[in-house]
Structure formats: C-alpha cells, structure tokens
Amino acid sequence: MSDKNTEHPLVIFDGVCNYCCGVVNSIIGKDPGGVFRFAPFQSEAAKKILGKYNYPADSLDTIVLIEDGKLYTKSGAGLRVQKLLGGAHALLYAFILVPAPLRDAVYDYIARNRYKWYGKKDECMIPSPDIKSRFLE
C-alpha cells in the first residue's frame, strides 16, 4: 500500500455482497474528487490493515471506515462516510445523535438479511479501469 493511500479515508466492505458493492459504487459516484479508497474484506490489503488495528478480517457483517488512524464500524462508519461526502449527505450525520445501540440494531438487521434480500456474488467485485486506482491491492 502506498503512502498516498494512507492519507485517504478507507472503506473496507464485503466484496461479494451485492448490497455492499452497491453502497461502494454509490460512494464512488458521489465522490468525484476521489477522496475515498476501498478494499474488500477478502483482499490481502484489508487483512493487513485490519491486523494493525487488531480487528478480525472475517467480520463481513459490517462496513469499516478507517479515517485519520481511527477505525469505525457499523452505523458509525456509515454516518461518517456521509459526513465526509459533504453537501446534503452530511445532513445524515445528525443521526449520530441516536444512541449507537439503537442505530446498530437497525444496521445489524440489514446486515443479517443482505444476502437474502440482495444476493451474493461468487467472487469479489472487480473495479473498472477508471476506478481501479481507488482500490487497494
């Protein structure tokens, strides 16, 4: 991983989950400046980075955001992503006022059902050439 990638917020996601890949594609579409970097949990890069935080690389039931050396998961990660996207998306950060156990209960419900509702790929998402540089290898 190059030093330039450590300066960017990093989103680690379940690379075979259709819903999760949709979320990543949505972030990419709303981030034309290329602020965010991405890595599927299944990648060696994600495993190495998560190891530095003593976070299990097999925790596929959450999105992880690493920003300024801090690791965020579940609804906290999702809300921070919205804040970093700015504009109208940043307004969603107001939900941070909802107690984390309540926010995360909703998050966990969606996470438990995501494969049933949205399906799953046989292998990780392969980024197109125009966004490949935003994915860690």
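At position 103 of the sequence shown the residue is numbered 303 (my numbering), and the sequence of numbers has no breaks.
Note that beta-carbon positions come from the ideal geometry of N, C-alpha and C, so glycine has one too.
For the candidate residues the options, whose alpha-carbon lies nearest to that of residue i?
i      : options                        : result
LYS316 : VAL216, PHE295, ILE266, VAL298 : VAL216
VAL235 : ASP268, MET325, LEU297, LEU291 : ASP268
GLY222 : TYR318, LEU336, PHE335, ASP322 : TYR318
LYS320 : TYR219, ASP231, VAL306, ARG312 : TYR219
SER259 : GLN242, LYS252, ILE266         : GLN242
ARG312 : ARG303, THR262, PHE295         : THR262
Can you give the Cα-Cα distance for residue i and residue j, rounded to whole angstroms?
i      : j      : result
SER333 : THR273 : 24 Å
ALA305 : HIS289 : 22 Å
ASP322 : ASP214 : 12 Å
PRO327 : LYS247 : 19 Å
LEU297 : GLY251 : 30 Å
PRO301 : PRO232 : 33 Å
LYS230 : PHE295 : 20 Å
PRO329 : PRO299 : 40 Å
ILE266 : GLY286 : 17 Å
VAL224 : PHE238 : 8 Å
ARG303 : SER226 : 21 Å
Below 7 Å between beta carbons: does that hold for residue i and residue j?
i      : j      : result
LEU279 : TYR293 : yes
ILE212 : VAL264 : yes
ILE331 : ILE228 : yes
PRO240 : CYS324 : yes
SER275 : TYR253 : no
PRO209 : LEU291 : no
ALA245 : LEU336 : yes
As an exercise, report each continuous alpha helix (DSSP H) stretch of at least 4 residues that is fully enclosed by the region 227-254, in chain order.
Taking only runs of at least 4 residues, the alpha helix (DSSP H) segments lying wholly in the region 227-254 are 244-252.
To test your reading of the DSSP string, which unbroken alpha helix (DSSP H) runs of 4 or more residues are found completely within the region 258-286?
The qualifying runs are 274-285.
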